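Line order of the protein sequences matches chains A and B.
The numbering of the first sequence is the numbering used here, which starts it at 76 and goes up by one.
The numbering of the second sequence is the numbering used here, which starts it at 76 and goes up by one.
By construction, the Cβ of each residue, glycine as well, lies at the ideal position given by its N, Cα and C atoms.
Remember, predicted model here, so these are calculated numbers, not experimental data.
Presented below is the structure to which this report refers.
Number of protein chains: 2
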Amino acid sequence: VLRDAIVTALTSEQSLVGRHALVTAGPTVEPLDPVRFISNHSSGKQGYAIAEALAALGARVTLVSGPVSIPAPRGVTCVKVQTAEEMLAACEQALPADIAVCTAAVSDWRASVPAGRKIKKTGDGPPALNLVENPDILATLCHHARRPRLVVGFAAETDDVRENALAKRQRKGCDWLVANDVRRGVFGADRNLVSLIDGSGIETWPEMDKSAVAGKLAERIAETFRSSTA
Amino acid sequence: VLRDAIVTALTSEQSLVGRHALVTAGPTVEPLDPVRFISNHSSGKQGYAIAEALAALGARVTLVSGPVSIPAPRGVTCVKVQTAEEMLAACEQALPADIAVCTAAVSDWRASVPAGRKIKKTGDGPPALNLVENPDILATLCHHARRPRLVVGFAAETDDVRENALAKRQRKGCDWLVANDVRRGVFGADRNLVSLIDGSGIETWPEMDKSAVAGKLAERIAETFRSSTA
């Protein structure tokens with residue numbers, strides 16, 4: 076607690092002034108036809124809280140968000156999208172950025188060709204859904220020609236949280252990975268239990284409000300930029 | 076307009092006192108794994124408005140609702156469910172009812188066995204989704220041993236609205252079918268364009284607020300019960 080207080084004091088309020096942060100949040104929605112879709116239970120709360128916390132530290136923030144029911148934080152540029160492909164395009168359009176924090180729960184798959192008309196029940200049983208893999212937004216940003224200096228990924232895990240998260244950080248090529256233990260119904264909840272993985276190891280934070288996770292992460296980000304640059 | 080006014084006057088305010096109405100609303104959400112699901116864009120607005128309109132006419136209303144972001148109308152018993160199977164069970168539990176109005180956008184299909192753990196990207200391409208057909212709640216109520224006297228279905232159609240709706244009424248066995256033209260982005264909107272199909276034909280209503288559609292439909296229901304019973 077004392078250490079946190081000192082860190083907070085050192086990283087003064089507006090320590091991210093002049094920095095551009097890109098934050099992704101919420102689910103993506105992948106249409107199967109004009110009515111149906113595949114999606115997931117992301118509420119966007121954690122990502123929106125991070126966008127707000129970074130803005131509070133003075134960063135210019137672009138929030139690229141799937142459909143959620145919460146309002147965009149004040150002072151943040153919010154770009155609303157539906158699909159993973161739209162989210163990637165919006166992210167690339169937002170570059171260059173100093174910081175990218177990818178909290179969005181991007182659908183891994185989409186229908187290869189969404190039906191233009193509502194799929195009817197035919198009596199021949201359920202239709203075969205031809206799925207194709209979506210672009211990997213986090214990995215794309217990590218390997219981008221205009222890669223943000225600090226790229227932070229999020230991983231929602233239901234089992235083997237630490238192992239999956241460590242492997243995911245390597246695989247994606249991000250600097251930090253925040254592993255989210257979603258076994259206990261985090262979706263839509265106000266509290267979160269996360270571990271932060273960087274090049275030096277894994278650090279599990281106590282369970283806290285999503286706004287507190289956001290504040291702590293934003294301070295860490297500010298600290299990094301403070302310690303490594305003029 | 077004059078006719079509507081006369082009908083409204085004849086079906087006095089509390090003309091459904093002593094009647095029990097079952098209303099389904101919203102989407103169902105069918106899990107693929109603990110994180111992902113199949114769902115649809117139903118906002119629940121039309122069903123919630125109908126529940127409110129029937130309650131305003133004195134009916135006791137049970138509203139069985141999938142996940143939506145709007146509050147239950149006052150004086151209505153609201154049962155929240157996620158899946159089609161849960162919705163059917165809640166409907167059967169609500170019987171007997173005099174009236175059933177099925178506005179819910181029930182997923183036609185669900186995963187045969189939802190994965191207990193989050194499905195991982197394996198590098199072998201997208202997983203095959205094994206879908207099975209969900210129970211047909213409208214048809215089940217229509218052929219139920221305790222069938223409500225008046226069963227009203229809703230059909231969201233993107234093309235051949237009239238033909239599909241006429242065929243659906245026959246196939247399901249409901250008394251009335253309200254065909255919903257969803258080509259123009261009705262989902263989540265406040266206005267609606269519907270046609271009412273009964274045994275004698277099809278009647279297309281002018282585009283109006285969902286609450287007005289609800290009021291008109293509730294008056295029609297009250298009129299039916301008034302004209303045919305002591």
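For T99 of chain A, the pairing in a beta bridge is given by DSSP as A:V139, A:C177.
Within 8 Å of the CB of A231 of chain B, the CB atoms of chain A belong to V110, K193, in sequence order along the chain.
Look at N205 of chain B here: in three-state DSSP terms it is coil, with no helix or strand label.
In this structure, DSSP gives G93 of chain B a state outside helix and strand, which the three-state scheme calls coil. Rounded to whole angstroms, the Cβ separation of V136 of chain A and M162 of chain A is 16 Å, and the two are not in contact under 8 Å. If you ignore the 5 residues before and after E278 of chain B, its C-beta comes within less than 7 Å of the C-beta of S270, L271, all in its own chain and listed in chain order. Rounded to whole angstroms, the gap between the alpha carbons of A190 of chain A and D108 of chain A is 4 Å. The three-state reading of DSSP puts G274 of chain B in coil, since its state is none of H, G, I, E or B. For the C-beta of S270 of chain A, not a single chain B residue is nearer than 9 Å; the gap to the nearest is close to 17 Å. Burial state of E232 of chain A is buried, judged by a 10 Å Cβ sphere holding 16 or more other Cβ atoms. Scanning chain B for C-beta atoms nearer than 7 Å to the C-beta of I125 of chain A yields nothing, as the closest lies near 20 Å away. Per DSSP, the beta bridge partners of V269 of chain B are B:N255. Ranked by how close their Cα comes to the Cα of R221 of chain A, the residues A:P281, A:V188, A:L170 have A:L170 in first place. Residues of chain B whose Cβ lies closer than 7 Å to the Cβ of W184 of chain A are, in chain order, P201. Rounded to the nearest whole angstrom, the CA to CA distance from Q121 of chain A to S303 of chain A is 27 Å.
Its chain contains A128, L129, L132 as the residues whose beta carbon lies nearer than 6 Å to that of A293 of chain B, once the 5 sequence neighbours on both sides are disregarded; these appear in chain order. In terms of Cβ geometry, P223 of chain B and D173 of chain B form a close pair [threshold 8 Å]. Under the Cβ distance rule, D234 of chain A counts among the residues neighbouring chain B, one pair being separated by less than 8 Å. Per the Cβ contact rule, the stretch 87-101 of chain B is in contact with the stretch 285-301 of chain B (3 or more Cβ pairs under 8 Å).
Each residue's CA atom was taken as its position, placing T99 of chain B and W184 of chain B some 18 Å apart. Residue state for E294 of chain A is assigned as helix, using DSSP reduced to three classes. Measuring C-alpha to C-alpha distances from K193 of chain A to each of B:H95, B:L252, B:D235, B:S275 identifies B:D235 as the nearest.
In this structure, B:S114 is the residue among B:C249, B:T197, B:S114, B:A254 with its C-alpha nearest to the C-alpha of P102 of chain B. The distance from the Cβ of T178 of chain A to that of I125 of chain A is about 6 Å, consistent with a contact at the 8 Å cut-off. Distance from the CA atom of A203 of chain A to the CA atom of E208 of chain B, rounded to whole angstroms, is 12 Å. Within chain A, the C-beta atoms nearer than 9 Å to that of E208 of chain B come from K196, G200, P201, in chain order. Excluding sequence positions up to five before and after A214 of chain B, its CB lies within less than 6 Å of the CB of K247, all in the same chain and listed in chain order. For L213 of chain B, the closest Cβ of chain A is not nearer than 8 Å. Scanning chain A for C-beta atoms nearer than 9 Å to the C-beta of V257 of chain B yields P109, V110, K193, reported in chain order. Note that the C-beta distance between A164 of chain A and S117 of chain A is not below 8 Å. A distance below 8 Å separates the beta carbons of W251 of chain A and V227 of chain A. For L268 of chain B, the closest C-alpha among the options B:V257, B:S275, B:G276 is that of B:V257. Along the stretch 154-188 of chain B, the positions whose C-beta sits under 8 Å from a C-beta of chain A are A180, S182, D183, W184, read in chain order. In the three-state reduction of the DSSP assignment, E161 of chain B falls in the helix class, which pools H, G and I.
Per the coordinates, the alpha-carbon of K196 of chain B lies some 54 Å from the alpha-carbon of S275 of chain B. Note that the C-beta distance between V104 of chain B and T158 of chain B is below 8 Å.
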